[in-house]
Amino acid sequence: MADKNGPDGTGETGRGKQRQADIRDDDLERRRRDLEASLATRRPDRLEGKDDAKAGSAAGYGQALKLSSEFIAGIVVGAGLGWIIDRVAGTSPWGLIVFLLLGFGAGVLNVLRSAGLMAEFGQGDKTRDPKE
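Counting in our numbering, the sequence shown runs from 21 upward without gaps.
Take a look at the structure:
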């Protein structure tokens with residue numbers, strides 16, 4: 021037996037034999053144009069179509085390159101200083117280990133500052149807005 025639990029109580033799914041609403045195509049077109057105009061006034065800075073996706077993608081790659089280079093630079097500088105101190109003072113490998121860890125910490129700190137998730141040095145609790 022057919023179950024009468026369909027969307028319209030007839031057991032049929034989909035549009036079936038439902039009555040069409042009295043909305044005309046020109047009314048829908050007018051409402052669509054009004055909506056587009058309203059959205060255009062609220063977002064004037066957005067680019068059209070695929071250019072917007074490409075611009076956002078390029079900005080994302082630039083930000084990723086900036087953050088990763090700051091992190092790697094902190095580690096490399098720390099390791100370099102540790103290696104130099106080991107060679108001069110003869111404390112191998114302790115200088116390298118200590119300064120490598122310090123470089124890692126400095127790299128993480130630089131990334132957080134650059135991403136705007138942490139205040140700059142000397143600014144206290146004021147965090148920078150990441151959209152600036």
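We put the CB at the ideal spot given by N, CA and C, even for glycine.
| Check | Outcome |
| --- | --- |
| Beta-carbon proximity check, Gly80 vs Gly127, cutoff 8 Å | no |
| Alpha carbon of Gly123 to alpha carbon of Val97, nearest angstrom | 7 Å |
| Local Cβ density within 10 Å of Leu116, reported as buried at 16 or more and exposed below that | buried |
| C-alpha distance - Trp114 paired with Ala135, whole-angstrom precision | 32 Å |
| Nearest to Val131 (by Cα), restricted to the options Leu59, Asp54 and Gln83 | Gln83 |
| As assigned by DSSP and simplified to three states, the class of Leu116 | helix |
| Backbone secondary structure at Arg44 - three-state DSSP | coil |
| Residue burial classification, Leu120 (beta-carbon count within 10 angstroms, cutoff 16) | buried |
| For Arg158, the three-state DSSP class (helix, strand or coil) | No information on residue 158 is available, as it lies outside the stretch 21 to 152 that the chain covers here. |
| Inter-residue spacing [alpha-carbon to alpha-carbon] between Leu85 and Ile92 | 10 Å |
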